[in-house]
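Read through the structure below, which is laid out as structure tokens, and then see the notes.
In the working numbering, the protein residues as written are 15 to 292.
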């Protein structure tokens with residue numbers, strides 16, 4: 015039985031300051047969403063990793079992350095802005111590749127801010143047909159993204175060709191891992207699927223992101239385990255089984271080693287804490 019909850023399907027707007035205030039593991043762990051994400055940064059700076067490439071972000075940066083794209087974020091100062099989660103059933107034509115736009119013109123800043131404000135006004139206004147109106151406004155943002163994607167297509171293509179062999183292999187591994195992290199596949203299985211040896215895969219991951227292939231599997235599984243322990247009442251043994259751990263005791267040892275306490279204690283400690291909605 016599948017126990018990993020599906021992510022929300024509806025449109026949501028979340029202040030980036032709220033995301034940045036979350037525990038580091040929630041913000042920085044590399045993971046992929048089943049829906050597109052748009053980040054409009056209005057204040058502060060940090061780093062965003064998309065696939066195998068890390069870039070700094072600053073005020074007036076617009077970042078689009080397609081569904082299924084592995085990413086993580088690090089806030090270096092107090093970051094403000096808006097995150098738009100499109101929902102899995104948005105029905106819009108959106109770029110298939112990530113975009114990171116550093117907007118330098120004041121008119122561009124105003125244009126994006128206005129588009130975001132219009133969507134937010136409908137989502138929060140509770141007027142008749144608000145959902146329908148919000149998605150029409152979101153459609154204008156989709157058109158804005160498509161235009162800028164076309165304008166920067168050469169730049170994005172050039173950046174992708176600059177990825178070295180290790181980064182390309184790590185990106186392929188990360189995408190496969192995101193689809194299969196709930197299975198019992200190990201590093202050898204992933205390496206075989208990618209047509210390389212486990213040693214080659216681990217060397218590529220270490221060179222690209224400073225972590226081994228096994229570290230990436232464990233980190234992604236334990237990220238999901240934390241969310242399930244905090245947000246559901248699913249028994250620990252079921253979480254272990256459905257996240258690919260061979261036994262509950264192995265899961266407990268791995269969790270305790272990285273988190274510093276066993277799964278049951280972690281759940282109890284977070285029972286009264288508010289949940290972060292993505």
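Ideal Cβ positions, reconstructed from N, Cα and C, are used throughout, including at glycine. Every value quoted in this text rests on a predicted model; they were computed, and no experiment measured them.
Could you check what DSSP says for residue i in three-state terms: helix, strand or coil?
i: residue 104; result: coil
i: residue 76; result: strand
i: residue 33; result: helix
i: residue 92; result: coil
i: residue 276; result: coil
Excluding the 5 residues flanking residue i on each side, which residues of the same chain have their C-beta closer than 6 Å to its C-beta?
i: residue 174; result: Annotation note: pLDDT 48 at residue 174 (below 50); position unreliable, coordinate value reported separately. Closer than 6 Å at the Cβ level, and outside the excluded window around residue 174, lies no residue.
i: residue 155; result: 129
i: residue 292; result: Residue confidence for residue 292 is low, a pLDDT of 41 falling below 50, so the modelled location carries little weight and cannot support an answer.
Can you tell me where the alpha helix (DSSP H) with residue i in it begins and where it stops?
i: residue 89; result: It is not in any alpha helix (DSSP H) - residue 89 instead sits in the beta strand (DSSP E) that spans 85-89.
i: residue 123; result: 120-139
i: residue 48; result: Looking at the DSSP string, residue 48 is not in any alpha helix (DSSP H), and its letter there is neither H nor E.
i: residue 206; result: 201-208
i: residue 150; result: 144-165
i: residue 231; result: 227-245
i: residue 212; result: 212-223
i: residue 40; result: 38-42
May I ask you to list the residues that DSSP assigns as paired with residue i?
i: residue 27; result: 98
i: residue 114; result: 77
Between residue i and the rest of its own chain, which residues show a CB-CB distance below 7 Å, the 5 nearest in sequence each way excluded?
i: residue 163; result: 109 and 113
i: residue 211; result: 205
i: residue 250; result: 262, 277 and 278
First and last residue of the beta strand (DSSP E) that includes residue i?
i: residue 53; result: 51-57
i: residue 64; result: 60-64
i: residue 71; result: 67-71
Taking Cβ positions, are residue i and residue j nearer each other than 8 Å?
i: residue 268; j: residue 253; result: no
i: residue 273; j: residue 280; result: yes
i: residue 88; j: residue 58; result: no
i: residue 52; j: residue 60; result: no
i: residue 226; j: residue 220; result: yes
i: residue 49; j: residue 97; result: no
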